[in-house]
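Asker: Quick note on numbering: the sequence shown equals residues 0 to 402 in numbering that gives the first Met the number 0. Backbone N, C-alpha and C define an ideal beta-carbon position, used for all residues, glycine too.
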Amino acid sequence: MNLKNIICNTALLLVMGLPCIAQQKNTFKPQAALLATINKNMVDADAQYKMFAGELQPGQFPKNFEPKTGKLETSNSGWWCSGFYPGTLLNIYEETRDEKLMQEARRMLNLLAKEQYNTHTHDLGFMMYCSFGTANRLAPSPDYKSVLLNSAKSLATRFNPKVGAIKSWDAKPSDFLVIIDNMMNLELLFWATKATGDSSYYKIAVTHANTTIKNHYRTDHSSYHVINYHPETGAVQQKKTAQGFADGSAWARGQAWGLYGFTIMYRETGDKQYLEQANNIAHFLLNNPNLPADKIPYWDFNADNIPNALRDASAAAIMASALLELCGYTDKTDGQQYFNTAANIIKTLSTPQYKSAPGANGGFLLQHSVGHLPAGTEVDVPLTYADYYFVEAMKRYKAFAGK
């Protein structure tokens with residue numbers, strides 16, 4: 000990192016609490032028809048999410064819905080997706096100002112708060128920043144701040160300096176497993192440094208990201224899902240998958256996590272290596288011959304039954320949201336492609352093929368996501384994180400209309 004970036008990062012980040020990023024002067028013009036579709040989608044999302052409040056029993060969080068049986072599957076607060084439901088409620092509330100959504104969000108936050116002390120998961124960014132982070136953005140409070148700081152402390156306990164990464168899954172003592180998804184949890188650590196001035200969180204996030212670039216990524220800029228390190232030496236023991244088609248394949252949601260995660264890294268540090276990494280991932284995705292014309296990816300870019308492989312709406316929603324941020328950081332040509340692709344994804348996800356009919360799909364907004372196909376779990380069902388990133392992508396697209 001050059002001296003200019005160091006000065007910018009320390010002065011702005013630690014003193015003013017702001018990232019140093021090189022904003023481009025690109026101007027992207029949202030389509031009026033798509034803005035109208037998004038506004039309707041938000042109204043529909045409001046109605047859909049009010050369905051959950053009457054279906055959930057005390058202590059339950061929505062997980063997925065099986066269309067064939069009509070059964071809503073739920074989890075407790077310890078499931079890695081527990082933060083997406085309250086986060087989505089809050090994001091929809093920001094658009095519609097429906098107090099019933101806010102009431103439900105507060106109820107769920109109360110149930111989720113105990114996870115701030117959970118040191119057995121790397122998913123505290125998903126769980127706590129998507130929920131309490133959103134709540135704190137809408138209405139900052141000491142209570143929300145305390146929960147977020149404790150969550151960051153818990154996440155930091157999983158960092159191993161010898162490996163240079165945060166442990167994802169607990170395993171046998173000789174294994175240290177890190178998955179690409181973990182890039183999404185670093186935003187919580189950046190927030191903690193800005194909130195406290197303690198640079199240790201920032202340093203952990205940067206170290207983890209650098210280790211990920213070094214070992215997760217192939218020469219074509221696709222990512223392995225899982226890297227198994229030796230916990231004492233940091234040596235790479237295995238490069239493999241858990242949720243993808245094969246060890247050497249490009250699991251679609253994993254590629255989307257990386258795209259989003261390195262976009263965050265650039266936003267929070269101003270370091271151009273992260274912008275380059277995000278652009279490289281975007282180019283791999285958008286120029287991939289196996290990306291369908293409607294931009295909703297197959298669950299794995301190397302699945303053996305393309306074009307009959309299942310699509311993954313969750314990967315598409317994550318891609319769209321990430322591209323709508325990344326387009327503002329890069330050059331005009333790439334930026335326009337990113338913006339247009341995100342718009343196409345939102346359009347496709349807004350069609351009846353993916354968007355739920357009112358009152359259907361158990362309350363979820365989107366259909367046809369793939370959780371863990373190799374394990375046969377959450378296959379071709381609605382998922383909370385697909386909804387979360389779809390709503391976020393729509394909000395980001397709408398924001399361009401006000402620029």
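Report all residues from its chain with a CB closer than 7 Å to the CB of Y116; omit the five preceding and five following residues, and keep chain order.
Answerer: Here residue 116 refers to the residue found at position 117 when the sequence shown is read from its first residue. Here the set comprises N149 and S153.
Asker: Across which residues does DSSP place Y228 in a beta bridge pair?
Answerer: Here residue 228 refers to the residue found at position 229 of the sequence shown. Partner(s): F175 and V235.
Asker: If you run the structure through DSSP and keep just helix, strand and coil, what is L11?
Answerer: Walking along the sequence shown from the start, residue 11 turns up at place 12. Residue placement at L11 is poorly supported in this model, since its pLDDT is 34, which falls under 50; the coordinates still yield a value, given next. Correct three-state label for L11: helix.
Asker: Can at least three beta-carbon pairs, one atom from the segment 225-232 and one from the segment 280-287, be found at a separation below 8 Å?
Answerer: Segments in contact, no.
Asker: Using 8 Å for Cβ pairs, my map puts Q242 next to S221. What's the rounded Cβ distance?
Answerer: Position 243 of the sequence shown, counting from 1, holds the residue named residue 242. Position 222 of the sequence shown, counting from 1, holds the residue named residue 221. Their Cβ separation, rounded to whole angstroms, is 15 Å, which puts Q242 and S221 out of contact at 8 Å.
Asker: Which whole-angstrom value describes the C-beta separation of L111 and S74, a residue pair presumed to lie in contact below a C-beta threshold of 8 Å?
Answerer: Walking along the sequence shown from the start, residue 111 turns up at place 112. Walking along the sequence shown from the start, residue 74 turns up at place 75. Not a contact, Cβ separation roughly 11 Å.
Asker: Tell me whether P357 is buried or exposed, calling it buried when 16 or more other Cβ atoms sit within 10 Å of its Cβ.
Answerer: Locating residue 357 in the sequence shown gives position 358, where the first residue counts as 1. When all chains shown are included, P357 counts as exposed.
Asker: Would you report the Cα separation of D270 and L372, rounded to the nearest angstrom?
Answerer: The residue labelled residue 270 in the question sits at position 271 within the sequence shown. The residue labelled residue 372 in the question sits at position 373 within the sequence shown. Spanning the two alpha carbons is a distance of roughly 36 Å.
Asker: Going by CA-CA distance only, name the one from K49, K28 and I37 that's closest to F363.
Answerer: Walking along the sequence shown from the start, residue 363 turns up at place 364. Closest option to F363, Cα to Cα, is K49.
Asker: What residues are listed by DSSP as bridge partners for F60?
Answerer: Along the sequence shown, read from residue 1 onward, the residue named residue 60 stands at position 61. Paired residues: S74.
Asker: Apart from the five residues just before and just after G69, which ones in its own chain have a Cβ nearer than 8 Å to its Cβ?
Answerer: Taking the first residue of the sequence shown as position 1, residue 69 is located at position 70. Correct list, in chain order: G361.
Asker: Straight-line CA distance for F399 to L325?
Answerer: Your numbering for residue 399 matches position 400 in the sequence shown. Your numbering for residue 325 matches position 326 in the sequence shown. Going by the C-alpha atoms only, they are around 13 Å apart.
Asker: Going by alpha carbons, who is nearest to A249 out of D303, A134 and D330?
Answerer: Position 250 of the sequence shown, counting from 1, holds the residue named residue 249. The residue with the shortest Cα to Cα distance from A249 is D303.
Asker: Could you check what DSSP says for N1 in three-state terms: helix, strand or coil?
Answerer: Start at 1 with the first residue of the sequence shown, and residue 1 comes out as number 2. Bear in mind that a pLDDT of 40 at N1, under 50, signals an unreliable position, so the number given afterwards is only what the model happens to contain. N1: coil per DSSP, three-state reduction.
Asker: Rounded to whole angstroms, what's the CA-CA distance from A392 to L322? Just pull it up for me.
Answerer: Position 393 of the sequence shown, counted from the first residue, corresponds to residue 392. Position 323 of the sequence shown, counted from the first residue, corresponds to residue 322. Taking the straight line from one Cα to the other gives about 9 Å.
Asker: Return the chain-ordered list of same chain residues with a C-beta closer than 7 Å to the C-beta of I212, the five sequence neighbours on each side being excluded.
Answerer: Reading the sequence shown from its first residue, position 213 is the one you call residue 212. Cβ within range, chain order: Q276.
Asker: What residue range is occupied by the uninterrupted beta strand (DSSP E) comprising H220?
Answerer: Counting from 1 along the sequence shown, the entry for residue 220 is found at position 221. Careful: H220 lies outside any beta strand (DSSP E) and carries neither H nor E.
Asker: Check I305 in the structure and name its three-state DSSP category.
Answerer: Residue mapping note: residue 305 aligns to position 306 of the sequence shown, counting from 1. Three-state result, I305: coil.
Asker: Quick check on DSSP: helix, strand or coil for T118?
Answerer: What you label residue 118 is simply residue 119 of the sequence shown in a count that begins at 1. The answer is coil: DSSP assigns T118 none of H, G, I, E or B.
Asker: To which residues of the same chain is A151 closer than 8 Å at the C-beta, ignoring the five residues directly before and after it?
Answerer: Residue numbering aside, residue 151 sits at position 152 when the sequence shown is read from its first letter. So the qualifying residues of the chain are L123, L187, L188, W190, A191 and Y200.
Asker: For the beta strand (DSSP E) containing D379, name the first residue and the last one.
Answerer: Within the sequence shown, the letter at position 380 stands for residue 379. Counting along the chain, the beta strand (DSSP E) containing D379 begins and ends at T376 to V380.
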